[in-house]
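Visitor: 4 is the number of the first residue of the sequence shown in this note's numbering; add one for each residue after it. One structure is given below, represented as structure tokens, and several questions about it will come after.
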Amino acid sequence: MQAMNIMIEEHRVIERMLNALEESVSRLEKGKPVQPEFLLSVTDFIRGYADGWHHKKEEGVLFSRMVDEGIDLQGCPLGVMLAEHEAGRQYTRALASAAQAMQTGNRSAAERVIQSSRSYIALLRQHIYKEDHYLFPMAEEIIPVEKHASMTEEFEHVENFILGKAVQQKYLDLAVSLEEEMRIV
């Protein structure tokens with residue numbers, strides 16, 4: 004199903020940011036400097052792309068379609084995915100707060116950055132694996148074939164009219180920039 008391919012491709016973009024974030028955390032753990040602005044750019048990416056762009060389609064379109072086909076929104080697997088989305092938002096808030104504290108010279112904030120980042124990275128890697136290998140194949144199986152094209156159209160509607168394609172390009176460029184910054188520094 005084309006809609007699931009869109010979601011999987013977006014996961015690859017999110018993983019690029021996770022790799023850059025992981026590198027920044029490794030540097031912090033070794034006592035090397037990481038600019039708070041880099042970390043704030045990561046939180047911007049998470050909020051704008053992972054949560055705003057990607058999860059908007061999952062929660063607003065895919066999960067609704069799965070509920071229409073008899074999957075309980077509060078049960079497994081959808082309830083678990085929603086809980087993980089919320090946990091990711093909590094880790095992102097903690098990371099943003101710690102990065103802002105770093106900007107003001109708070110030396111203990113680096114440890115909070117490391118902790119929230121490591122938690123977020125572990126959560127997202129596991130979450131993406133579950134979606135790619137279990138949730139998306141389940142969706143392809145339970146959503147009737149005749150509804151696949153309309154779901155792709157709904158994704159495109161969200162992308163084009165609700166969010167705007169410029170948003171996607173902004174965050175694709177940001178993912179590249181984050182990767183490059185961690186290679187250069």
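Backbone N, C-alpha and C fix where the C-beta goes; we use that ideal spot for every residue, glycine too.
Out of N163, R96, D54, L85, which has the shortest C-alpha to C-alpha gap to I17?
Guide: D54
Visitor: Does DSSP classify D135 as helix, strand or coil?
Guide: helix
Visitor: Note down, in chain order, each residue of its chain lying with its Cβ closer than 8 Å to the Cβ of I145, except the 5 sequence neighbours on either side.
Guide: M69, E72, G73, I74
Visitor: Rounded to a whole number of angstroms, what is the C-alpha to C-alpha distance between L138 and E40?
Guide: 35 Å
Visitor: Rounded to whole angstroms, how far is the Cβ of L126 from the Cβ of A90, which I believe are closer than 8 Å?
Guide: That pair is a contact at about 6 Å.
Visitor: By Cβ distance below 6 Å, which residues in the same chain neighbour R115 in space, the five residues on each side in sequence not counted?
Guide: A101
Visitor: Identify which residue in A113, K173, I124 has its Cα closest to the Cα of S34.
Guide: Note on residue identity: the sequence assigns Gly, not Ser, to residue 34. For the residues A113, K173, I124, the minimum Cα distance to G34 belongs to A113.
Visitor: Determine whether the beta carbon atoms of L98 and T46 lie at a separation below 9 Å.
Guide: yes
Visitor: Alpha carbon to alpha carbon, how far is K173 from R186? Give it in angstroms, no decimals.
Guide: As the crow flies, the alpha-carbon of R186 is around 20 Å from that of K173.
Visitor: Work out the CA separation of Q106 and Q5 for me, nearest whole Å.
Guide: 43 Å
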